[in-house]
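Asker:
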Amino acid sequence: MASTFSKTDLLHHQPNLKEFNIEFFESIDSTSSYAKRYVESNQAVLPSIFATTKQTAAYGKESRTFFSPKGLYATLVLPITNLKELNPGLLTISAGLGVLDTLTDYFPHQFFQLKWVNDILLNHKKCGGILTELIQDQSQRYYLVLGIGLNLQTPTLPDELWSIATTIDMVANANYSILLADLVANTLHRLTNQTSPHLIVEYKHHSNLLGHKITVKGHQKAHTGFVRDFDKLGGLILENESDNQLLTFYSGDVIKILY
């Protein structure tokens, strides 16, 4: 068990998490990879929290690997009770707002934003991310695997990352267990209320893209234009500069923010 975390501290701070299977690691390939192995190899899958401060084989969207400095990395395993009502876009948005709720409580003087679709920004640079995946257990039951990663200490970043990435400097004696407990509790609260009419309004308020000119790459090609809105399902609405048509993206990558 990782000395950075304490199950006792976590449950004392958020006793509602006592029904969760909770495991901590000094180092692991990826908390999300471990979570998927846990679901796929167990007959009785419990709601779970897996956390570490160091990942050796972290991955993001489309299984792309990325540099993972020391920080707080956690993955939740949550049962899906109604697959038909599941909306991937709202899951990611809800989780992102849950993370921002926590960060703004802990760091009220810092400027955090959300970059569609799954990046957490601090002062316009990436300091964390969200990854949502849907998998099945041996009995074909569905589970949400929700990964949250935060860069919490100033690392030796590769030179090519300094212009686009940053870290949240935690005080030396910060209690990671309490921070993790609040991250989980706030994220669960947001997920429970993801159909709230205020969700997208709040997301727009925290978006770093609304009104900006960007290039977004969808499944087949890249489009450049202005972000005009986000729809009720979390889709990014782009006014295409070539023909002024409105295009809606529910997945993709923002590869440039032009202004």
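When the sequence shown is numbered by our numbering, its final residue is 250 and no position is left out of the sequence of numbers. All residues carry an ideal CB built from backbone N, CA and C; glycine is no exception.
Within a Cβ cutoff of 6 Å, which residues of the same chain sit near G138, ignoring the five residues on either side of it in sequence?
Answerer: The residue you call residue 138 lines up with position 147 of the sequence shown. Counting only Cβ-Cβ distances below 6 Å, and skipping sequence neighbours, we find S23, T66 and L122.
Asker: May I ask you to list the residues that DSSP assigns as paired with T43?
Answerer: Within the sequence shown, numbered from 1, the residue matching residue 43 stands at position 52. Beta-bridge pairing links T43 to F16 and Y64.
Asker: In angstroms, rounded to a whole number, what distance separates the CA positions of T206 and V108?
Answerer: As a first step, residue 206 is located in the sequence shown; it is residue number 215 there, counting from the start. As a first step, residue 108 is located in the sequence shown; it is residue number 117 there, counting from the start. Going by the C-alpha atoms only, they are around 14 Å apart.
Asker: Out of A49, N177 and L113, which one is the CA nearest neighbour of H4?
Answerer: Looking up residue 4 in the sequence shown gives position 13. For H4, the nearest C-alpha among the options comes from N177.
Asker: Could you tell me whether the Cβ atoms of I111 and G80 are closer together than 8 Å?
Answerer: For this step, residue 111 is matched to residue 120 along the sequence shown. For this step, residue 80 is matched to residue 89 along the sequence shown. No, the Cβ-Cβ distance between I111 and G80 is not below 8 Å.
Asker: Could you name the residues of the same chain whose beta carbon sits closer than 6 Å to that of Q185, not counting the 5 residues immediately before and after it, in chain order?
Answerer: On the sequence shown, residue 185 is found 194 positions in, with the first residue counted as 1. Within the same chain, Q185 has close Cβ partners L81 and S85.
Asker: Going by beta-carbon coordinates alone, are F(-4) and F11 separated by less than 8 Å?
Answerer: The residue given as residue -4 occupies position 5 in the sequence shown. The residue given as residue 11 occupies position 20 in the sequence shown. No, these two residues do not count as a Cβ contact at 8 Å.
Asker: In angstroms, rounded to a whole number, what distance separates the CA positions of D96 and S18?
Answerer: The sequence position of residue 96 within the sequence shown is 105, counting from 1. The sequence position of residue 18 within the sequence shown is 27, counting from 1. Straight-line Cα distance between these residues: approximately 27 Å.
Asker: With a 10 Å radius around its C-beta and 16 neighbouring C-beta atoms as the bar for buried, classify K106 as buried or exposed.
Answerer: Taking the sequence shown and counting its residues from 1, one reaches residue 106 at position 115. That one is buried.
Asker: Taking its Cβ as the centre, do 16 or more other Cβ atoms sit within 10 Å of A163, making it buried, or is it exposed?
Answerer: By one-based count along the sequence shown, residue 163 stands at place 172. Residue placement at A163 cannot be trusted, given a pLDDT of 49 that sits under 50; what the coordinates show is reported in the next sentence. Looking at its Cβ environment, which holds fewer than 16 other Cβ atoms inside 10 Å, A163 is exposed.
Asker: How big is the Cα-Cα spacing for D0 and D222?
Answerer: The residue given as residue 0 occupies position 9 in the sequence shown. The residue given as residue 222 occupies position 231 in the sequence shown. Each residue's Cα considered, the two are about 40 Å apart.
Asker: In chain order, what residues of the same chain have a beta carbon less than 6 Å from the beta carbon of Y250, not counting five sequence neighbours either side?
Answerer: As a working note, residue 250 is residue 259 in the sequence shown. Contacts found: K204.
Asker: R181: buried (16+ other C-beta within 10 angstroms of its C-beta) or exposed?
Answerer: What you label residue 181 is simply residue 190 of the sequence shown in a count that begins at 1. By the neighbour-count rule (16 or more Cβ atoms within 10 Å), R181 is buried.
Asker: What is the rounded straight-line gap between the Cα of A213 and the Cα of S130?
Answerer: Walking along the sequence shown from the start, residue 213 turns up at place 222. Walking along the sequence shown from the start, residue 130 turns up at place 139. So the two alpha carbons sit approximately 40 Å from each other.
Asker: Is G87 helix, strand or coil by DSSP?
Answerer: Locating residue 87 in the sequence shown gives position 96, counting from the first residue. Helix, per DSSP.
Asker: Using 8 Å as the Cβ pair cut-off and three pairs as the minimum, do the region 190 to 201 and the region 70 to 79 touch?
Answerer: Segments in contact, no.
Asker: If you follow the beta strand (DSSP E) that R132 is in, where does it begin and where does it stop?
Answerer: By 1-based counting over the sequence shown, the position of residue 132 is 141. It is not in any beta strand (DSSP E) - R132 carries neither H nor E in the DSSP assignment.
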